[in-house]
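In the numbering used here, the protein residues as written are 1 to 62. To start, the structure itself, in structure tokens.
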Amino acid sequence: MTATTFTLVTTVPRPHTRPLATAFRAIRAFGGAAAGVVLLGDYGPPEAGVRNPRPEYAPGPD
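Structure (structure tokens):
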């Protein structure tokens with residue numbers, strides 16, 4: 001009978017990220033969206049929003 005051992009990997013190697021660059025990217029994204037809403041009145045495409053939790057169903061057979 002053979003024994004198989006599994007080595008647990010506790011850390012996943014990730015590329016070095018720059019927190020300041022990530023913060024600027026988030027500020028640019030939220031700032032652009034806020035400017036679009038405030039200045040242009042643009043809320044984006046309707047399919048990008050939250051779906052209606054109570055959708056209208058097709059009527060059943062009569």
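From the three backbone atoms N, C-alpha and C, an ideal C-beta is built for every residue, glycine too.
Grab me the residues of residue i's own chain with a C-beta within less than 7 Å of its C-beta, minus the 5 sequence neighbours each way, in chain order.
i: A23; result: none
Which residues in the same chain as residue i place their Cβ atom closer than 8 Å to its Cβ, once the five residues preceding and following it in sequence are excluded?
i: H16; result: none
How is the alpha helix (DSSP H) around residue i delimited, first residue to last?
i: T22; result: 19-40
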